[in-house]
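J.: Residue 61 in this note's numbering sits at position 61 of the sequence shown; the count goes up by one each step and never skips. I have a structure here, written as structure tokens, and I will follow up with some questions on it.
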Amino acid sequence: MKRISLCLFSCFLCGCVDVGQVSLHPQTTTGYFSAHRGDVEACLENEALRQQHQLQKDDPLPGGTDRFNLLNSQSEVVAWIEVAPFSNRETSAQFYYAPDKPETKSVVAALISRCGSIRE
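Here it is as structure tokens:
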């Protein structure tokens, strides 16, 4: 009986994570922006809407990093975005997305080009 209880408890602790279309081994792209974090997040949100996508706020990471899910028009998670202050007036954003989704890569490139510069 203890063995069954322990097994059920272990399964409960493991949980399940839906990674959406991002995959377990995502491609990453970093964007650097010459603006404060709030302005960058607003720009990314507006540009996502222009691309028929939506930013959904997620739980923040320790150290002041904001996290977002990028949703497509079917409300599927197609990318994860982490936005953090880079220096006094600069912000960086790390984008994670599936390497086999060229449409997501083009949306990410559009977000970065409209709001800042790109480094891969």
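For every residue, glycine included, the Cβ atom is placed at its ideal position computed from N, Cα and C.
#1: Note down the Cα distance separating HIS36 from SER73, rounded to an integer number of angstroms.
#2: One question on the structure: do VAL77 and LYS101 come within less than 9 Å of each other, judged by their Cβ atoms?
#3: For SER92, count neighbouring C-beta atoms within 10 Å of its own C-beta (all shown protein chains included) and say buried if the count is 16 or more, exposed if not.
#4: Mapping DSSP to helix, strand and coil, what is GLY38?
#5: Could you tell me which of ARG50, PHE86, GLU103, LEU70 sits nearest to GLY64, measuring between CA atoms?
#6: Return the CA-CA distance between HIS53 and ALA42, expressed in angstroms with no decimal places.
#7: How many angstroms separate the CA atom of SER106 from the CA atom of GLN51?
#8: Can you give me the C-alpha to C-alpha distance between ARG89 and SER34, rounded to a whole angstrom?
#9: Can you tell me which residues form a DSSP beta bridge with PRO85?
#10: When burial is assigned at 16 or more other CB atoms within 10 Å of the CB, is LEU49 buried or exposed?
#11: Measuring CB to CB, does PHE95 end up less than 9 Å from GLY38?
#12: For the alpha helix (DSSP H) containing THR30, list its first residue and its last residue.
T.: So, from the listed chains and residues:
#1: 28 Å
#2: no
#3: buried
#4: helix
#5: PHE86
#6: 14 Å
#7: 10 Å
#8: 6 Å
#9: THR91
#10: exposed
#11: no
#12: That residue, THR30, is in no alpha helix (DSSP H); its beta strand (DSSP E) goes 27-33.
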